Amino acid sequence: MLRIPWTAFRTNVSILQELQISSRLSSECLRRILQYFGHIARKESDNLERLIVTGKVDGKRARERSPIRWSDQIRAALNSTIYGALHNAKDRNRWRNIVRAKVMKQ
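Residue numbers for the sequence shown follow our numbering, beginning at 17 and rising by one.
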């Protein structure tokens, strides 16, 4: 896009500013993950998607390296428990404010 050689000592921030991109991809991904989590959290407690996100599905896991779970991402982003996040997500306006605050902070 800008034809910047890899040997040029430029920071990612300076390139993003030159392209006039205000939001980073990681911030956009985090925003969408948190929004989807809020959507799932407002469903019924026996909903399959909600059971998967909270990690209450029975069965055996693969023996390979364990993947990062949704609940781990939510806990890391919000610095709270998954049940605290579920409780906060019940109120849609409060959840929107939490998501905005976390994405702007990043």
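The beta-carbon is built from N, C-alpha and C at its ideal position, and this holds for glycine as well. What you are looking at is a predicted structure, and each value in this text was computed from that prediction instead of being measured.
Here Ser30 has no same chain residue with a Cβ atom under 8 Å from its own Cβ, once five neighbours each way along the sequence are excluded. A Cβ-Cβ separation of about 5 Å places Val69 in contact with Ile56 under the 8 Å criterion. Burial state of Ala117 is exposed, judged by a 10 Å Cβ sphere holding fewer than 16 other Cβ atoms. Rounded to the nearest angstrom, the Cβ distance from Phe53 to Ile84 is 14 Å, too far for a contact under 8 Å. Ser96 and Arg19 have their alpha carbons spaced roughly 43 Å apart.
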